[in-house]
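**Student:** Before I ask anything, let me first share the structure, which is written out below as structure tokens.
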Amino acid sequence: MPLSDPSNLGPEARQESLERLHAELEQCQRCSGMFGPPVHSRTLLSPVMLIGQAPGTREIEQLRPFCWTAGKTLFGWFAKIGLDEKAMRERTLISAVCRCFPGKNPKGGDRVPDRDEIARCRGWWTGEMQLLRPRLIVPIGKLAISQLMDCDRLNDVVGRQWPYRSEAGWEADIIPLPHSSGASTWFKMEPGRTLLAEALGLIAAHPAWRELLDE
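Following this line, the structure appears as structure tokens:
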């Protein structure tokens, strides 16, 4: 795991620490009910960090987050505001609440990770966040959003920008998005459709996103 307080590290040292963190993540076998191998995105420092829920079967096969249906929808949203899938993968760190596949829900769809699995995996995404110190955090879906802020309903949080202050003292903005899963209908009807567009507009106007475009 990374240093508990990496605030005094320069970019090169933080990059090296992130590489070590991802190497340790690749060996993780903490959860007997989860199916690996663990998934992480490209290892890079970025002003923008995405946080999803958990990989699916395709993600653990290809070892890439958001590489199937939910990813096509998600990257389609970002393409509308200037960055296609290739650019997103090259310029942002894509994290997740849990890093292995939780398995299928008997009632359909993927199983939602339980509280203990979420707790055991927490150190991976929080470790990434400590090392990145991103200026913009984009949690995708209610489970990811709820790790950072209260989220009783998507209607109450999507379409707005929220402040975030870490325990180490650095600050960022949170702009939540709905889960892009094909099983979700929230963003396909009102008010979800309008709130999604408003959220993407906020992301497009954010200085951290503008920095990615300038790359």
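Position one of the sequence shown corresponds to residue 1 (full-length UniProt numbering), numbered consecutively onward.
Note that beta-carbon positions come from the ideal geometry of N, C-alpha and C, so glycine has one too.
(1) Any idea what DSSP makes of PRO6, helix, strand or coil?
(2) Could you check whether the Cβ of CYS28 sits closer than 9 Å to any Cβ belonging to chain B?
(3) How long is the line joining the alpha carbons of ASN8 and GLY169, rounded to whole angstroms?
(4) Following the continuous beta strand (DSSP E) through VAL48, name the residue where it begins and the one where it ends.
(5) Give the straight-line distance between the Cα atoms of residue 217 and ALA208, rounded to the nearest whole angstrom.
(6) Measure the C-alpha to C-alpha separation of GLU117 and MET34 and round it to an integer number of angstroms.
(7) Return the bridge partner residues of TRP162 from the DSSP annotation.
(8) Across the region 131-142 and the region 105-122, are there enough close Cβ pairs to call them in contact, namely three or more that are closer than 8 Å?
(9) On a CA-only basis, which of GLU128, LEU74 and ALA144 is nearest ALA197? Give me that one, please.
(10) Does the region 14-31 come into contact with the region 123-132, if we say contact requires no fewer than three beta-carbon pairs (one atom in each stretch) closer than 8 Å?
(11) Using CA atoms only, rank isn't needed, just tell me which of THR69, ALA96, CYS98 and VAL97 is closest to GLU85.
(12) Using 8 Å as the Cβ pair cut-off and three pairs as the minimum, do the region 31-45 and the region 86-96 touch?
(13) When DSSP builds the beta bridges, which residues end up paired with residue 304?
(14) Check whether the Cβ atoms of ALA144 and ILE51 lie closer than 9 Å to each other.
(15) Do the CB positions of GLN161 and LEU195 come within less than 9 Å of each other?
(16) Tell me, to the nearest whole angstrom, how far the beta carbon of TRP186 is from that of LEU154; I am working on the premise that it is less than 8 Å.
(17) Are PRO113 and GLN53 closer than 9 Å when you measure CB to CB?
(18) State the start and end residues of the unbroken alpha helix (DSSP H) segment that holds VAL157.
(19) Rounded to the nearest angstrom, how far is the Cβ of ARG14 from that of LEU45, given a contact under 8 Å?
(20) If you measure between the beta carbons of GLY36 and CYS100, is that distance less than 9 Å?
(21) Residues in its own chain within less than 8 Å of GLN29 by CB, not counting five upstream and five downstream?
(22) If we count the other Cβ atoms within 10 Å of its Cβ and call it buried at 16 or more, is PRO163 buried or exposed?
**Tutor:** Put simply:
(1) Looking up residue 6 in the sequence shown gives position 6. Coil, per DSSP.
(2) Note that chain B does not occur in the displayed structure, where there is just one protein chain.
(3) Position 8 of the sequence shown, counting from 1, holds the residue named residue 8. Position 169 of the sequence shown, counting from 1, holds the residue named residue 169. Distance between the alpha carbons of ASN8 and GLY169: 12 Å.
(4) Residue mapping note: residue 48 aligns to position 48 of the sequence shown, counting from 1. Looking at the DSSP string, the run of the beta strand (DSSP E) that includes VAL48 is 48-52.
(5) The first residue shown for the chain is 1 and the last is 215, placing residue 217 beyond what the model contains.
(6) Here residue 117 refers to the residue found at position 117 of the sequence shown. Here residue 34 refers to the residue found at position 34 of the sequence shown. Using only the alpha carbons, I get a separation of about 8 Å.
(7) As a position in the sequence shown, residue 162 is number 162, starting the count at 1. DSSP lists ILE174 as partners of TRP162.
(8) no
(9) Against the sequence shown, residue 197 aligns to sequence position 197. Residue LEU74 is the option with its Cα nearest to ALA197.
(10) yes
(11) Position 85 of the sequence shown holds residue 85. Answer by Cα proximity: THR69.
(12) yes
(13) Because residue 304 is not part of the residues shown, which for the chain are 1 to 215, the question remains open.
(14) Looking up residue 144 in the sequence shown gives position 144. Looking up residue 51 in the sequence shown gives position 51. Yes.
(15) Against the sequence shown, residue 161 aligns to sequence position 161. Against the sequence shown, residue 195 aligns to sequence position 195. Their beta carbons are not under 9 Å apart, which means GLN161 does not touch LEU195 by this criterion.
(16) As a position in the sequence shown, residue 186 is number 186, starting the count at 1. As a position in the sequence shown, residue 154 is number 154, starting the count at 1. About 6 Å separates the two Cβ atoms, so the contact holds.
(17) For the purposes of this step, residue 113 is identified with residue 113 of the sequence shown, where counting begins at 1. For the purposes of this step, residue 53 is identified with residue 53 of the sequence shown, where counting begins at 1. In this structure, GLN53 lies closer than 9 Å to PRO113 by Cβ.
(18) As a working note, residue 157 is residue 157 in the sequence shown. Counting along the chain, the alpha helix (DSSP H) containing VAL157 begins and ends at 154-157.
(19) For the purposes of this step, residue 14 is taken as the residue at position 14 of the sequence shown. For the purposes of this step, residue 45 is taken as the residue at position 45 of the sequence shown. Indeed they touch by this definition, with Cβ atoms about 6 Å apart.
(20) As a first step, residue 36 must be located in the sequence shown, where it is residue number 36. As a first step, residue 100 must be located in the sequence shown, where it is residue number 100. Yes, Cβ-Cβ distance for GLY36 and CYS100 is below 9 Å.
(21) Counted from its first residue, the sequence shown places residue 29 at position 29. Taken in chain order, the residues that qualify are GLY36.
(22) Residue 163 sits at position 163 when you count from the first residue of the sequence shown. So PRO163 counts as exposed.
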